[in-house]
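In terms of mature numbering (1 follows the signal peptide of the UniProt record, and there is no 0), the sequence shown is residues -19 to -1, 1 to 32.
What follows is one structure encoded as structure tokens, with my remarks underneath.
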Amino acid sequence: MRSSVTLFIFMIFTSILSAQVEKFTVADNTYYGTKAIPEEITGKYWYEKSK
């Protein structure tokens, strides 16, 4: 019973992740990724014009 529940959760999780992944082609190279931006990197960034 426990293994079937674990398998069911795994199948749902992989189907959700695969739905978000997209195929991008740039300069005849194929890349896979998502357009979703994680919350960890969103915010305001200040450019200080220094090297």
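Backbone N, C-alpha and C define an ideal beta-carbon position, used for all residues, glycine too.
Query: Which residues mark the beginning and the end of the beta strand (DSSP E) in which K4 is found?; Result: 3 to 7
Query: Do you know how far the Cα of E3 is from the Cα of N10?; Result: 14 Å
Query: For T(-14), which of helix, strand or coil comes out of DSSP?; Result: helix
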